[in-house]
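Undergrad: Oh and the sequence shown: position 411 is 411 in full-length UniProt numbering, straight run, nothing missing.
Glycine included, C-beta positions come from ideal geometry on N, C-alpha and C.
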Amino acid sequence: MTDIIQLLPDHVANQIAAGEVVQRPASVVKELVENAIDAGSGNIQVVIKDAGKTLIQVVDDGKGMSLTDARMCFERHATSKIKTAEDLFSLQTKGFRGEALASIAAIAHVELKTKPEDDEVGTQIKVEGSKVTNQDVCVCPKGTSVSVKNLFYNIPARRNFLKSDAVETRHIIDEFQRVALAHPQIGFSLFHNGSELFQLPETNHRQRITNIFGGKTNEKLVPVTEETEIVEISGFVGKPEFAKKSRGEQFFFVNNRFIKSPYLNHAVVAAFEGLLKDKSYPSYFLFLNVDPKSIDINIHPTKTEIKFDDEHALYAILRSAIKHSLGQFNVAPVLDFDRDANLDTPYDYKNRSAEVPQVEVDRNFNPFQEENARTHKTGSSSFSSNFRKERGESWESLYTGLQTEDTPKPDSDFREIEFESEEVTGNLFQPSQDTEEKSTFQLHKKYIVSTLKSGILVIDQHRAHTRILYEEMLKNITVSAAVSQQLLFPLNLQFNTHEVEIIKQLQDSLEQTGFVFSEIKTDSVEIVGIPTLISESEVEILLEQLIADFENDVPDNGFSQTDLLAKSLAKGMAVKSGTLLNNTEQQHIVNRLFACKEPGLSPSNRSVFVTLTVDELDKKFM
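Written as structure tokens, this is what we have:
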């Protein structure tokens with residue numbers, strides 16, 4: 001029997017490893033930026049073109065690499081982070097697997113420029129598909145610059161699976177924000193197609209959060225601090241009134257490494273129990289420092305999953321710390337009926353010592369001294385009369401001279417005066433005799449019941465109105481623009497950079513539906529016109545729901561984007577279950593529903609109405 005097992009070539013093994021490490025351009029940004037952080041950089045610059053498909057460049061001012069290190073870094077399992085197996089239990093760096101650069105070089109054109117501080121010249125290396133094509137001496141500043149071009153050029157199938165530029169850019173921004181939040185002591189900048197998206201200076205955690213998510217974020221944050229033998233917790237949670245419909249602003253960092261943990265997320269949500277609206281999610285930026293020996297990071301190549309030794313204790317500590325912070329800063333209500341909030345000591349005066357108040361009294365003050373002195377000096381009271389308010393005449397003088405011969409005397413008997421009868425004998429609104437009999441009625445403020453020749457029709461009012469608005473939105477976006485109502489005062493709404501990018505992407509379609517944007521900044525939008533079907537108070541809720549829908553269901557082409565926009569707006573503007581409708585509104589929904597092209601299904605492919613025939617009703621009574 002012939003031998004069939006053989007050792008794979010290095011370039012094939014690297015391409016297989018790249019499938020796990022490099023999933024999209026955002027993965028390359030994450031790996032390169034983490035390498036720059038491990039190199040001790042003070043400033044890191046990220047430049048991308050065409051959402052990373054054409055170019056991803058990361059420039060840092062770290063310690064750089066020698067000629068030998070520059071060649072070795074592209075080999076598999078070559079790393080400077082660990083040396084023995086025991087080092088896996090005391091990791092203080094981002095990377096340790098030694099696969100990132102080898103995987104990236106296997107599927108792209110990579111150019112590396114690096115120079116240590118003590119060397120006069122640096123090293124330039126070009127790699128294409130795991131093969132070194134050029135190595136030379138170059139002049140460059142201290143640090144390292146890695147340029148990744150033509151990603152997935154030799155794996156066309158993987159390149160075809162990439163989404164649109166807007167979607168891939170969104171993923172790159174997410175990865176950039178995660179790394180930047182964990183390291184506020186490092187300056188970061190991000191450029192896309194020549195335009196600056198982020199310029200983050202060195203600062204503290206709170207200011208870094210504000211720089212990324214907008215200036216209004218500062219007032220929404222509640223600090224959280226807790227120190228135990230198991231974990232040290234620091235960071236911030238958002239106030240309950242600013243909870244959003246999406247999970248966008250939820251960040252866990254363990255030893256300055258971003259992680260995803262549904263278990264710890266449940267602990268945060270449990271701490272907000274009773275404070276959040278339905279289907280709202282709290283924002284949090286929590287930094288956990290634990291003993292590296294108590295966690296296992298080496299579970300997945302992306303290193304976003306971590307195993308803890310004692311998850312139950314961590315859950316309880318995190319939940320109690322957040323509840324304590326919410327109560328300490330009067331965000332959560334205190335269940336104490338005898339407590340007077342006016343008697344609480346402000347936090348600024350908590351540690352101050354008591355001071356005796358200084359009271360100044362003028363013991364020589366006499367309120368009559370000045371007046372008497374003036375009176376005595378002038379010999380009369382005429383001088384002081386200018387400073388006194390003359391007493392007005394009595395109220396009875398207002399009625400002097402009003403009596404006539406026909407009016408009764410004051411001492412007359414009031415029983416002689418006639419008053420208008422309080423009893424109303426007539427009816428101002430006579431009931432109409434020809435009132436039409438209602439053909440529809442509402443059931444439990446949720447269903448509209450109408451009669452048919454063959455039985456009865458039961459319609460879900462929310463789904464029916466959603467179908468009506470959905471087809472109307474599609475028509476407005478694709479055929480003719482909708483009518484807009486102008487606002488008396490512009491409406492200014494605060495969003496983070498990521499959400500503003502989504503609104504920019506949908507701006508043309510939103511304007512077709514009736515929105516009018518006067519200005520779109522990096523952290524806010526100004527609206528001067530809204531669709532006629534919604535009120536001004538519903539605009540922010542509607543846009544937040546729209547952003548959440550686009551984050552959860554990312555469209556990859558223009559038609560899907562238009563369809564998702566119409567679905568989201570229709571769902572947000574439709575009449576909700578539990579809303580009382582009069583007979584005219586009920587008839588309007590019924591008539592417009594059956595004028596739709598697809599009245600039987602909602603935009604989410606659910607039944608809008610059911611019919612019950614007379615025969616089916618008869619069987620119920622058999």
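1) Whole-angstrom Cβ separation of residue 214 and residue 10, contact assumed at under 8 Å?
2) Which complete alpha helix (DSSP H) runs does the region 161-242 hold, if anything under 4 residues is left out?
3) Find the nearest neighbour of residue 575 within the set 563, 217 and 469, judged by alpha-carbon distance.
4) Tell me the residue span of the beta strand (DSSP E) that contains residue 492.
5) Do you know whose CA, among 323, 305, 123 and 590, lies nearest residue 238's CA?
6) Among residues of its own chain, excluding the 5 on either side of residue 247, which ones have a beta-carbon nearer than 7 Å to its beta-carbon?
7) What is the DSSP secondary structure of residue 153, counted as helix, strand or coil?
8) Express the C-alpha separation of residue 450 and residue 487 in angstroms, rounding to a whole number.
9) CB-CB under 7 Å to residue 584, same chain, minus the five flanking residues each way: which ones, in chain order?
10) Span of the alpha helix (DSSP H) holding residue 263?
11) Please identify the residue among 125, 189, 132 and 527 whose C-alpha is closest to the C-alpha of residue 139.
12) Out of 519, 185 and 312, which one is the CA nearest neighbour of residue 42?
13) Am I right that residue 99 and residue 21 are in contact with their C-beta atoms under 8 Å? What's the rounded C-beta distance?
14) Is the distance from the Cβ of residue 223 to the Cβ of residue 275 below 7 Å?
15) Report yes if the CB atom of residue 519 is closer than 7 Å to the CB atom of residue 596, and no otherwise.
16) Helix or strand or just coil, what does DSSP make of residue 444?
17) Do three or more CB pairs link the region 197-215 to the region 59-74 at distances below 8 Å?
18) By a C-beta neighbour count over all protein chains shown, 10 Å radius and 16 as the cutoff for buried, is residue 666 buried or exposed?
19) In whole angstroms, give me the CA-to-CA distance for residue 447 and residue 461.
20) Helix, strand or coil for residue 324? Go by DSSP, reduced to three states.
21) Looking only at its chain, what residues have a beta carbon closer than 8 Å to the beta carbon of residue 380, apart from the 5 residues adjacent to it on each side?
22) Among the residues of its own chain, which have a CB less than 7 Å from the CB of residue 24, if the five just before and after it don't count?
23) In the DSSP assignment, the alpha helix (DSSP H) including residue 111 goes from what residue to what residue?
24) Is the Cβ-Cβ distance between residue 259 and residue 203 less than 7 Å?
25) Output the boundary residues of the beta strand (DSSP E) element that contains residue 456.
26) Tell me the start and end of each unbroken alpha helix (DSSP H) in the region 17-88 that is at least 4 residues and wholly inside, in chain order.
27) Pair every Cβ in the region 141-154 with every Cβ in the region 110-119, then say whether three or more of these pairs are closer than 8 Å.
28) Do you know how far the Cα of residue 368 is from the Cα of residue 359?
29) Going by CA-CA distance only, name the one from 457, 510 and 496 that's closest to residue 608.
30) Between the Cα of residue 566 and the Cα atoms of 466, 69 and 52, which residue gives the shortest distance?
31) Hey, could you find the ends of the alpha helix (DSSP H) residue 614 is sitting in?
32) Can a CB atom of chain C be found closer than 7 Å to the CB of residue 50?
33) So for residue 381, helix, strand or coil by DSSP?
34) For residue 253, collect the residues of the same chain with a Cβ closer than 6 Å to its Cβ; drop the 5 residues on either side in sequence, then sort them by chain order.
35) Under 6 Å Cβ to Cβ from residue 325, same chain only, skipping five residues before and after it: list those, please.
36) Provide the residue span of the beta strand (DSSP E) that contains residue 125, from first to last.
TA: Reading from the atomic positions:
1) About 47 Å; that fails the 8 Å criterion.
2) Every alpha helix (DSSP H) stretch that sits fully inside the region 161-242 and reaches 4 residues is listed by chain position as 165-182 and 205-213.
3) 469
4) Residue 492 -> beta strand (DSSP E) spans 484-494.
5) 323
6) Cβ neighbours of residue 247 beyond the five flanking positions: 281.
7) coil
8) 38 Å
9) Cβ within range, chain order: n/a, list empty.
10) 262-271
11) Residue 139 has its Cα closest to that of 125, out of 125, 189, 132 and 527.
12) Looking at the Cα atoms, 185 is the closest of the given residues.
13) 6 Å
14) no
15) Taking 7 Å as the Cβ cut-off, residue 519 and residue 596 do not qualify as a contacting pair.
16) coil
17) no
18) Coverage of the chain is limited to positions 1 through 622, which leaves residue 666 absent and any answer about it impossible.
19) 6 Å
20) helix
21) Because the pLDDT at residue 380 is just 47, under 50, the model does not fix this residue reliably, and the value given afterwards should be weighed accordingly. The answer is none, since no qualifying residue turns up.
22) 162, 168 and 171
23) Counting along the chain, residue 111 falls outside any alpha helix (DSSP H), though it belongs to the beta strand (DSSP E) covering 109-115.
24) no
25) 455-460
26) 25-38 and 67-72
27) yes
28) Put simply, the backbone Cα of residue 359 is about 23 Å away from that of residue 368.
29) 457
30) 466
31) 614-620
32) Here chain C cannot be found, since the structure has a single protein chain.
33) At residue 381 the pLDDT is 45, less than 50, meaning the model places this residue with poor confidence; the figure from the coordinates comes in the next sentence. Residue 381 falls in the coil class under three-state DSSP.
34) Cβ within range, chain order: 182 and 287.
35) 222 and 224
36) 122-128
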